[in-house]
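Residue numbers (my numbering): 2 to 118. Think of the CB as a built atom: it goes at the ideal place given N, C-alpha and C, for glycine as much as any other residue. These numbers were taken from a predicted model, which means no experiment stands behind them. A short write-up of the structure that comes next.
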């Protein structure tokens, strides 16, 4: 197939701000996980598919299969009460994570997210 480009799991994009390897950032309707650290405007490889251990609101109780929202200001997943600028429905919890847990195992769902207006 002559028009194939790549699998699309990892993309090269200009960093919207300074980014740190492994720390997610919002790219339009995608949650992207940079492979390397990059300054604002530099090209960075970012994973937009796959499963990762992400930070979550420590008091959030998350069931396996729950839709997750990325809290843009706190840099963690939440399950309720998203605010303007948060990325809603951008991942799904693969495993449950209870009150007191610092992380949640989640699968990114590219194309499903929407930034809350």
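Item, Value
"Cβ separation of residue 95 and residue 65, assumed to be a contact under 8 Å, to the nearest whole Å", "7 Å"
"The stretch 59-79 touching the stretch 91-110, judged by at least three CB pairs closer than 8 Å", "yes"
"From 97, 49, 86, 50, residue whose alpha carbon lies closest to that of residue 1", "With the chain running from 2 to 118 in the structure shown, residue 1 is simply not present."
"Residue nearest to residue 87 in terms of C-alpha spacing, selected from 31, 12, 10, 13", "31"
"Of the residues 111, 115, 116, 117, the one placed nearest residue 33, counting alpha carbons only", "111"
"Which of helix, strand or coil DSSP assigns to residue 70", "strand"
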